[in-house]
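Numbering (my numbering), first residue to last: -3 to 249. Structure record follows, encoded as structure tokens.
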Amino acid sequence: MPGVPVRLTRRQRLIRRFLPLVTTLTVGVVLLVWVLASGGSSGGVRAAGPVPARPAPPTTVTTTTTTAPPPPTTTTDPGTLPQTGALPAAGDPTFTSRMAALWSAVVQDAPAAAQPAFFPETAYLQVKSIADPSADWQDRLVAQFGLDISAAHALLGPDAAQAVLDTVQVPQAYAHWVPPGVCENRIGYFEVANSRMVYTLAGQTRSFGIASLISWRGQWYVVHLGAVVPSGAGGQVLDPEIGPGTSPPSSTC
């Protein structure tokens, strides 16, 4: 039985005409959303995150004794400032510079050149509770220091100018605090005995001692070179040896 033709309304005819176009647009929009969500890549969605920090470059600290920098220029005499309880560090560049000055004085037999390495008079005036600390510093300590430098120069012999300072060994483990009221002191300080000046002469390593270093504001200074208590009227050299030598423990003022 033949079917009865179906008469479409105007609305149904419009839907049938535009349905393929709507379907195509819908598929295009879905594809566009998918591409944007995937970051424009076929590898999937990328998660955002912090950029890893680059590791800091390694630092290398090098200290040298033979090529010491010049002492820092300052208009303030450290001896006029108050003492501190800071333990000096033997590797401090300023200490290295002072030891270079001391070595130069030994090589040239020029005690005045070693003055930067010696304990400042202004600090000594603060430390000592004696009648005339200025005269004691000049007439006893500085005078003996000069004699000891000349004795060390004589130890080097005729080839003194060829001697090269390798290092100054400070036995930091023996450093100790000397409190006020001891050894006629009104102010305390750190002291370390028997450091070693190690040098090379004629291809051979040799050494001699520094009797006593004491501190002022976190810096080591020489106060006795050849001996804490001299055994005679002339200069002395403390324990000259072939090789770097040793630093026996000692507790002095």
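No residue lacks a Cβ here, since even glycine has one placed at the ideal position from N, Cα and C.
Considering only residues of the same chain and omitting the five flanking positions on each side of residue i, which have a CB-CB separation below 7 angstroms?
{"i": "ALA150", "result": "none"}
{"i": "LEU143", "result": "GLY230, GLY231"}
{"i": "ASP235", "result": "PHE204, GLY205, GLY241"}
{"i": "ALA157", "result": "VAL103"}
{"i": "GLY220", "result": "Residue identity differs from the one stated: residue 220 is His in this sequence, not Gly. Around HIS220: ALA207, SER208."}
Quick check on residue i: buried or exposed, where buried means 16 or more other Cβ atoms within 10 Å of its Cβ?
{"i": "ILE238", "result": "exposed"}
{"i": "SER125", "result": "exposed"}
{"i": "LEU27", "result": "No answer about LEU27 holds up, because its pLDDT of 39 lies below 50 and its placement is not dependable."}
{"i": "SER243", "result": "buried"}
{"i": "ALA198", "result": "exposed"}
{"i": "PRO107", "result": "buried"}
{"i": "GLY222", "result": "buried"}
{"i": "LEU77", "result": "exposed"}
{"i": "ALA127", "result": "exposed"}
{"i": "PRO245", "result": "exposed"}
{"i": "VAL138", "result": "buried"}
{"i": "ALA131", "result": "exposed"}
Rank the options by C-alpha distance to the C-alpha of residue i and give the top, closest one.
{"i": "TRP212", "options": "ALA119, THR72, SER93, ASP88", "result": "ALA119"}
{"i": "LEU98", "options": "PRO245, VAL224, MET193", "result": "MET193"}
{"i": "ASN190", "options": "TRP173, THR248, ALA110, ALA139", "result": "THR248"}
{"i": "ALA159", "options": "VAL233, ILE210, ALA148", "result": "ALA148"}
{"i": "TRP173", "options": "LEU209, THR201, LEU152", "result": "LEU209"}
{"i": "ALA110", "options": "ARG182, SER146, ASP135", "result": "SER146"}
{"i": "PHE186", "options": "VAL218, VAL138, THR196, PRO129", "result": "VAL218"}
{"i": "ARG325", "options": "LEU77, ARG182, GLN165, GLY214", "result": "Examination of residue 325 is not possible in this model, given that the chain is present from -3 through 249 alone."}
{"i": "GLY254", "options": "ALA171, PRO226, ASP128", "result": "Residue 254 is absent from the model: the chain starts at -3 and stops at 249."}
{"i": "PRO84", "options": "GLN200, VAL225, GLN168, PRO175", "result": "GLN168"}
{"i": "VAL225", "options": "LEU152, GLN140, PRO175, ALA86", "result": "GLN140"}
{"i": "VAL320", "options": "GLY214, LEU152, GLN122", "result": "The first residue shown for the chain is -3 and the last is 249, placing residue 320 beyond what the model contains."}
{"i": "GLY228", "options": "THR71, GLY153, GLN79, ARG136", "result": "ARG136"}
{"i": "LEU152", "options": "ALA101, THR72, VAL123", "result": "ALA101"}
Please go through the same chain and pick out, in chain order, the residues whose beta-carbon is closer than 6 angstroms to the beta-carbon of residue i, but skip the five residues on each side of it.
{"i": "CYS179", "result": "CYS249"}
{"i": "PHE91", "result": "TRP216"}
{"i": "ASP155", "result": "none"}
{"i": "TRP133", "result": "GLU117, TYR120"}
{"i": "ASP105", "result": "SER146, HIS149"}
{"i": "ARG182", "result": "SER125, PRO176"}
How close, in whole Å, do the beta carbons of residue i and residue j come, if the pair is a contact with beta carbons under 8 angstroms?
{"i": "GLU117", "j": "GLY75", "result": "7 angstroms"}
Beta carbon of residue i: closer than 7 angstroms to some heavy atom of the ligand GDP?
{"i": "THR92", "result": "Ligands in the displayed structure: none, and consequently the ligand GDP is not present."}
Suppose the cutoff is 8 angstroms on Cβ atoms and the five residues either side in sequence are ignored; what does the same chain contact list for residue i look like?
{"i": "LEU161", "result": "THR61, THR62, MET95, ALA96, TRP99, MET193, VAL194, TYR195"}
Within the stretch 185 to 229, ranges of the beta strand (DSSP E) (whole runs, at least 3 residues)
Within the stretch 185 to 229, the complete beta strand (DSSP E) runs of at least 3 residues are 185 to 197, 200 to 212, 215 to 220.
Every unbroken beta strand (DSSP E) inside the stretch 140 to 182 [3 residues or more]
Within the stretch 140 to 182, the complete beta strand (DSSP E) segments of 3 residues or longer fall at 160 to 165, 172 to 174, listed in chain order.
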